[in-house]
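2 protein chains.
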Amino acid sequence: MLGIQKIAHYLPDTKSWNAEKKECFDIDDDFIENKIGVQCRTVKNEDDNTSDLCVKAYHELLKKIPVAENEIECCVVVTQNPDYNIPHTSAIVHGKIGLSDNCACYDLSLGCSGYVYGLSNIIAFMQMNGMKRGLLFTADPYSKIIDMQDKNTALLFGDGATVTLISDEYEWKPVTFSFGTNGSNYRELICDDTLYMNGRAVFNFTATTVPKHIKEMMEQKHLNDADIDKYILHQGSKYIVDTIRKRLGVDAHKVPFHMFEYGNTVSSSIPMILEEELDKPENSRMVLSGFGVGLSWASAIIEKK
Amino acid sequence: MLGIQKIAHYLPDTKSWNAEKKECFDIDDDFIENKIGVQCRTVKNEDDNTSDLCVKAYHELLKKIPVAENEIECCVVVTQNPDYNIPHTSAIVHGKIGLSDNCACYDLSLGCSGYVYGLSNIIAFMQMNGMKRGLLFTADPYSKIIDMQDKNTALLFGDGATVTLISDEYEWKPVTFSFGTNGSNYRELICDDTLYMNGRAVFNFTATTVPKHIKEMMEQKHLNDADIDKYILHQGSKYIVDTIRKRLGVDAHKVPFHMFEYGNTVSSSIPMILEEELDKPENSRMVLSGFGVGLSWASAIIEKK
Chain A
5 MLGIQKIAHY
15 LPDTKSWNAE
25 KKECFDIDDD
35 FIENKIGVQC
45 RTVKNEDDNT
55 SDLCVKAYHE
65 LLKKIPVAEN
75 EIECCVVVTQ
85 NPDYNIPHTS
95 AIVHGKIGLS
105 DNCACYDLSL
115 GCSGYVYGLS
125 NIIAFMQMNG
135 MKRGLLFTAD
145 PYSKIIDMQD
155 KNTALLFGDG
165 ATVTLISDEY
175 EWKPVTFSFG
185 TNGSNYRELI
195 CDDTLYMNGR
205 AVFNFTATTV
215 PKHIKEMMEQ
225 KHLNDADIDK
235 YILHQGSKYI
245 VDTIRKRLGV
255 DAHKVPFHMF
265 EYGNTVSSSI
275 PMILEEELDK
285 PENSRMVLSG
295 FGVGLSWASA
305 IIEKK
Chain B
5 MLGIQKIAHY
15 LPDTKSWNAE
25 KKECFDIDDD
35 FIENKIGVQC
45 RTVKNEDDNT
55 SDLCVKAYHE
65 LLKKIPVAEN
75 EIECCVVVTQ
85 NPDYNIPHTS
95 AIVHGKIGLS
105 DNCACYDLSL
115 GCSGYVYGLS
125 NIIAFMQMNG
135 MKRGLLFTAD
145 PYSKIIDMQD
155 KNTALLFGDG
165 ATVTLISDEY
175 EWKPVTFSFG
185 TNGSNYRELI
195 CDDTLYMNGR
205 AVFNFTATTV
215 PKHIKEMMEQ
225 KHLNDADIDK
235 YILHQGSKYI
245 VDTIRKRLGV
255 DAHKVPFHMF
265 EYGNTVSSSI
275 PMILEEELDK
285 PENSRMVLSG
295 FGVGLSWASA
305 IIEKK
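So, in structure tokens, the structure goes:
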């Protein structure tokens with residue numbers, strides 16, 4: 005059996021402040037605080053590519069726990085902003101970290117549902133192939149593709165990366181996963197040259213689909229709200245997190261909100277919150293849920309060992 | 005238990021003939037027939053994107069076997085030439101085929117090792133999540149990125165796509181998989197704007213790494229050449245297929261060579277051969293091996309049910 009042993013993250017020091025863009029976009033403090041919930045966005049160094057963000061997250065992991073590079077048997081990067089399309093970014097990270105020749109590497113192309121998918125994917129792949137230690141990276145620096153004149157996206161997305169150490173010496177294990185796709189509406193969130201998001205359509209899809217999806221998953225496992233200590237939702241915006249929470253009928257203290265000081269970090273948003281919540285003694289069972297690009301959604305229930 | 009039930013492929017009708025490029029690239033018939041082993045390359049219609057090639061392969065599958073779209077629970081596309089980077093191509097295929105909302109979709113970014121990785125990945129993911137029917141697509145149309153003045157790549161790569169129906173009503177099942185990565189040499193095969201390949205370096209890596217890798221995998225399963233009916237190798241070039249075969253010490257009739265009439269179709273090369281070999285009564289156990297971009301390699305042993 006494999007699960008999550010430890011999570012670490014990297015956030016760039018450079019910040020872009022939305023307060024400085026009030027005039028330009030005709031927005032006020034209420035919009036910043038309660039609608040998007042992003043005071044400032046983290047922006048990567050221009051020289052840093054996606055693989056560099058992963059390596060920086062890995063160095064943060066090493067500060068928390070020793071990792072023997074030659075024991076890592078699997079390295080997965082979840083991204084839709086790779087260094088190049090050819091080769092996969094996981095191979096570049098493999099080279100930069102200095103992993104062994106026997107390590108399997110692949111990228112998963114998914115957006116905001118990517119961490120939940122990635123968790124299921126790497127654990128399943130490693131278990132089937134008898135692997136014991138692996139690294140699951142998320143890094144999707146949207147600063148590479150955002151049109152800074154587009155109000156729908158320019159105030160929202162922050163750069164960052166996370167790494168999750170998957171191991172047979174795990175602290176938390178997955179109990180169940182559930183996935184969904186609505187591919188016919190893929191054009192609502194798309195990047196040809198720069199990112200386009202139909203905020204209203206994505207909001208409506210999320211508000212309609214995700215709470216129902218989470219409830220169904222819990223019902224299938226005969227769990228109700230009293231059995232869940234935290235709901236770790238993808239941080240799409242303050243408004244969407246609040247909306248899902250209300251539709252689930254869940255107390256605010258059970259739904260951490262984190263993005264105010266860095267923005268929507270796409271597939272990194274869930275593991276950035278999870279990193280803190282894993283160690284809190286009051287948590288023994290949590291729901292995770294990611295949703296967005298695709299359109300795609302994925303939820304999981306995880307339990308303390 | 006899940007395995008391979010059926011495979012289908014799509015190859016474009018348009019062909020580009022290497023005989024017409026002899027003068028331009030200063031090559032002769034021996035080079036065409038024995039070095040690269042590509043008489044002509046298939047080239048996709050300009051209007052067709054990667055997802056369209058997948059859909060065309062899917063329509064070929066429907067000619068061979070009925071598929072209930074609402075029973076497909078997982079749809080994976082292996083590609084490094086997606087329609088867009090955002091969203092994943094599997095979501096677009098999902099929409100075009102009309103799969104159900106309950107279907108999990110993700111792309112795997114891998115090159116010539118992608119089919120073997122993909123086979124292990126989708127089977128592991130589906131088994132862990134209790135899914136019974138899935139589609140594994142490969143489609144990597146290099147015509148999108150090839151510099152037609154570059155002798156190293158302009159004569160070699162063909163467009164195509166395959167789809168593998170993964171099911172609990174399988175005909176062939178995987179016995180073992182083995183994976184490897186040498187990320188520090190990723191620059192030998194890379195696409196920034198157009199494809200660059202250091203043919204010599206990639207050849208040397210393959211000739212050194214792959215035969216040893218296959219032998220080790222067989223030894224671990226206590227199998228020798230007498231136990232293997234066919235070796236399905238990625239069709240990198242005639243010269244590399246011949247070299248691996250000789251270093252394995254295997255008879256030519258056990259190593260099908262297919263690419264003469266369509267070229268190197270990247271992650272589609274193995275399933276295009278496998279599609280034919282699955283149904284031959286003389287085959288009961290086969291080795292698969294893919295290698296290339298990353299640098300990456302992956303091998304498997306599969307057995308008839």
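Chains as they are written, first to last, in the working numbering: chain A, 5 to 309; chain B, 5 to 309.
Glycine included, every Cβ here is placed at the ideal spot set by N, Cα and C.
**Report entry** Runs of alpha helix (DSSP H) wholly within the segment 107-132 of chain A (minimum 4 residues, chain order)
**Finding:** As summarised for the segment 107-132 of chain A, the continuous alpha helix (DSSP H) elements at least 4 residues long and confined to that stretch are 118-132, given in chain order.
By DSSP, does alanine 12 of chain A sit in helix, in strand, or in coil?
If you number the first sequence from 1, residue 12 of chain A lands on position 8. Three-state result, alanine 12 of chain A: strand.
Is there a Cβ from chain A that is less than 8 Å from the Cβ of tyrosine 119 of chain B? In the second sequence, counting from the first residue as 1, residue 119 of chain B sits at position 115. Judged by the 8 Å Cβ criterion, tyrosine 119 of chain B is not in contact with chain A.
Discussion item. Tell me the rounded alpha-carbon separation between threonine 269 of chain A and alanine 128 of chain B.
Written reply: To locate residue 269 of chain A, count along the first sequence from 1; it is residue 265. To locate residue 128 of chain B, count along the second sequence from 1; it is residue 124. About 28 Å.
Considering only their Cβ atoms, is the gap separating glutamine 239 of chain A from histidine 262 of chain A smaller than 8 Å? Counted from its first residue, the first sequence places residue 262 of chain A at position 258. Counted from its first residue, the first sequence places residue 239 of chain A at position 235. Contact flag set, yes.
Item checked: Residue of A:Cys44, A:Ile36, A:Cys28 and A:His13 minimising C-alpha distance to leucine 57 of chain A -> Locating residue 57 of chain A in the first sequence gives position 53, counting from the first residue. Comparing alpha-carbon positions, the option among A:Cys44, A:Ile36, A:Cys28 and A:His13 lying closest to leucine 57 of chain A turns out to be A:His13.
Separation of aspartate 255 of chain B from glycine 118 of chain A, as counted between CA atoms | As a working mapping, residue 118 of chain A is identified with position 114 in the first sequence. As a working mapping, residue 255 of chain B is identified with position 251 in the second sequence. When rounded, the distance between both Cα atoms is 45 Å.
| task | Starting from the C-beta of lysine 2 of chain B, find all residues in its chain whose C-beta is less than 6 Å away, skip the five residues before and the five after it, and write them out in chain order. | result | There is no way to answer for residue 2 of chain B, as the model of chain B reaches only from 5 to 309.
Determine, for cysteine 58 of chain B, whether the minimum Cβ-Cβ distance to residues of chain A falls below 8 Å. Counting from one through the second sequence, the residue named residue 58 of chain B turns up at place 54. Not a single C-beta of chain A is nearer than 8 Å to the C-beta of cysteine 58 of chain B.
Which value, in whole angstroms, describes the spacing of the CA atoms of lysine 373 of chain B and aspartate 32 of chain B? This structure does not reach residue 373 of chain B, given that chain B is present from 5 up to 309, and the question cannot be answered.
Q. So the beta strand (DSSP E) tyrosine 200 of chain B belongs to, where does it begin and stop?
A. One-based indexing of the second sequence puts residue 200 of chain B at position 196. Start and end: 199-201.
Please decide whether aspartate 283 of chain B counts as near chain A, where near means a Cβ-Cβ distance under 8 Å.
Along the second sequence, read from residue 1 onward, the residue named residue 283 of chain B stands at position 279. For aspartate 283 of chain B, the answer is no, since every Cβ of chain A falls outside 8 Å of its Cβ.
Closer than 9 Å by beta-carbon distance: list the chain A residues that pair up with serine 272 of chain B, in chain order.
-> By 1-based counting over the second sequence, the position of residue 272 of chain B is 268. Close partners of serine 272 of chain B in chain A (Cβ separation under 9 Å) are lacking, with about 15 Å as the shortest Cβ gap.
Margin query: So, does the segment 160-178 of chain A touch the segment 264-280 of chain A, judging by three or more C-beta pairs under 8 Å?
Written below: Taking 8 Å as the limit for Cβ pairs, the verdict is that the segment 264-280 of chain A does touch the segment 160-178 of chain A.
- Below 6 Å CB to CB, which residues in the same chain sit around valine 59 of chain B once its five sequence neighbours on both sides are set aside? For this step, residue 59 of chain B is matched to residue 55 along the second sequence. Answer for valine 59 of chain B: Lys100, listed in chain order.
- Output the distance between the C-alpha atoms of glycine 102 of chain A and lysine 225 of chain A, rounded to the nearest integer angstrom. Numbered from its first residue, the first sequence carries residue 102 of chain A at position 98. Numbered from its first residue, the first sequence carries residue 225 of chain A at position 221. Rounded to whole angstroms, glycine 102 of chain A to lysine 225 of chain A spans 41 Å at the Cα level.
Subject >> Where cysteine 195 of chain A meets chain B, residues with beta-carbon distance less than 9 Å >> reply: For this step, residue 195 of chain A is matched to residue 191 along the first sequence. Result: Tyr88, Asn89, Ile90 and Pro91.
Fill in: Contact under 8 Å by Cβ, threonine 46 of chain A with threonine 83 of chain A
Along the first sequence, read from residue 1 onward, the residue named residue 46 of chain A stands at position 42. Along the first sequence, read from residue 1 onward, the residue named residue 83 of chain A stands at position 79. It is not a contact, given that the beta carbons lie outside the stated cut-off.
Counting only the same chain and skipping the five closest in sequence on each side, list residues whose C-beta sits under 6 Å from that of proline 260 of chain A.
Residue numbering aside, residue 260 of chain A sits at position 256 when the first sequence is read from its first letter. Ile277.
- Query: Between which two residues does the alpha helix (DSSP H) harbouring phenylalanine 29 of chain B extend?
  - Reply: What you label residue 29 of chain B is simply residue 25 of the second sequence in a count that begins at 1. Counting along the chain, the alpha helix (DSSP H) containing phenylalanine 29 of chain B begins and ends at 26-29.
- Task: Tell me, please, whether the CB atom of serine 113 of chain A is closer than 8 Å to any CB atom in chain B?
- Result: Counted from its first residue, the first sequence places residue 113 of chain A at position 109. It does; some Cβ of chain B falls within 8 Å.
Isoleucine 96 of chain A versus chain B: which residues are under 7 Å apart at the beta carbon? For the purposes of this step, residue 96 of chain A is identified with residue 92 of the first sequence, where counting begins at 1. Chain B residues near isoleucine 96 of chain A: Gly187 and Tyr190.
Against chain A, with Cβ distances strictly below 8 Å, would tyrosine 110 of chain B count as a contact? Residue numbering aside, residue 110 of chain B sits at position 106 when the second sequence is read from its first letter. With 8 Å as the cut-off, tyrosine 110 of chain B counts as an interface residue toward chain A.
Notebook entry, point to check: Got a sec? Which residues, its chain only, sit under 6 Å from leucine 199 of chain A by beta carbon, not counting five neighbours each side?
Noted result: Position 195 of the first sequence, counted from the start, is the residue given in the question as residue 199 of chain A. Answer for leucine 199 of chain A: Ile149, Ile150 and Thr157, listed in chain order.
* Asked: What number of angstroms, rounded off, separates the C-alpha of histidine 217 of chain A from the C-alpha of phenylalanine 181 of chain A?
  -> Here residue 217 of chain A refers to the residue found at position 213 of the first sequence. Here residue 181 of chain A refers to the residue found at position 177 of the first sequence. Approximately 11 Å between the Cα atoms of the pair.
Classify alanine 143 of chain B as buried or exposed, calling it buried when 16 or more other Cβ atoms lie within 10 Å of its own Cβ. By one-based count along the second sequence, residue 143 of chain B stands at place 139. Looking at its Cβ environment, which holds 16 or more other Cβ atoms inside 10 Å, alanine 143 of chain B is buried.
Assigned secondary structure, glycine 99 of chain A (DSSP; H/G/I helix, E/B strand, else coil): The residue given as residue 99 of chain A occupies position 95 in the first sequence. DSSP, reduced to helix, strand and coil, places glycine 99 of chain A within a helical segment of the structure shown.
Compute the distance between the beta-carbons of serine 271 of chain A and leucine 114 of chain A, then report whether it is under 8 Å.
Translated into the one-based positions of the first sequence, residue 271 of chain A becomes position 267. Translated into the one-based positions of the first sequence, residue 114 of chain A becomes position 110. In this structure, leucine 114 of chain A lies closer than 8 Å to serine 271 of chain A by Cβ.
query: Residues of chain B with a CB under 9 Å from the CB of leucine 199 of chain A: which are they?
result: Position 195 of the first sequence holds residue 199 of chain A. Listed along chain B, the residues sitting closer than 9 Å to leucine 199 of chain A by beta-carbon distance are Ile90.
#### Entry: Chain-ordered neighbours of glutamine 84 of chain B on chain A, where CB pairs are closer than 8 Å
Counted from its first residue, the second sequence places residue 84 of chain B at position 80. Near glutamine 84 of chain B (Cβ distances below 8 Å), the residues of chain A are Asn89, Ile90, Pro91 and His92.
Discussion item. Any beta carbon from chain A within less than 8 Å of cysteine 116 of chain B's own beta carbon?
Written reply: Reading the second sequence from its first residue, position 112 is the one you call residue 116 of chain B. By the rule that beta-carbons nearer than 8 Å mark a contact, cysteine 116 of chain B does not touch chain A.
### Task
Assign glutamate 307 of chain B to one of three DSSP states: helix, strand, or coil.
For the purposes of this step, residue 307 of chain B is identified with residue 303 of the second sequence, where counting begins at 1. In the displayed model, glutamate 307 of chain B falls within a strand according to three-state DSSP.
(request) Look at the alpha carbon of glutamine 43 of chain A and the alpha carbon of asparagine 133 of chain B, and state the distance between them as a whole number of angstroms. (result) Position 39 of the first sequence holds residue 43 of chain A. Position 129 of the second sequence holds residue 133 of chain B. For glutamine 43 of chain A and asparagine 133 of chain B, the distance between alpha carbons rounds to 39 Å.
**Message:** Which runs of the beta strand (DSSP E) at least 3 residues long sit entirely within the segment 10-88 of chain B? Give them in chain order.
**Reply:** Within the segment 10-88 of chain B, the complete beta strand (DSSP E) segments of 3 residues or longer fall at 19-21, 44-46 and 78-82, listed in chain order.
- Identify the contact partners of glycine 267 of chain A in chain B, using a Cβ-Cβ distance below 7 Å as the criterion. Translated into the one-based positions of the first sequence, residue 267 of chain A becomes position 263. Chain B residues near glycine 267 of chain A: none, gap ~17 Å exceeds 7 Å.
*asked:* Quick test of your reading: methionine 130 of chain A and cysteine 78 of chain A, contact by CB under 8 Å. State the CB separation rounded to the nearest angstrom.
replied: As a first step, residue 130 of chain A is located in the first sequence; it is residue number 126 there, counting from the start. As a first step, residue 78 of chain A is located in the first sequence; it is residue number 74 there, counting from the start. Between cysteine 78 of chain A and methionine 130 of chain A the Cβ distance is about 5 Å, and since that is below 8 Å, they are a contact.
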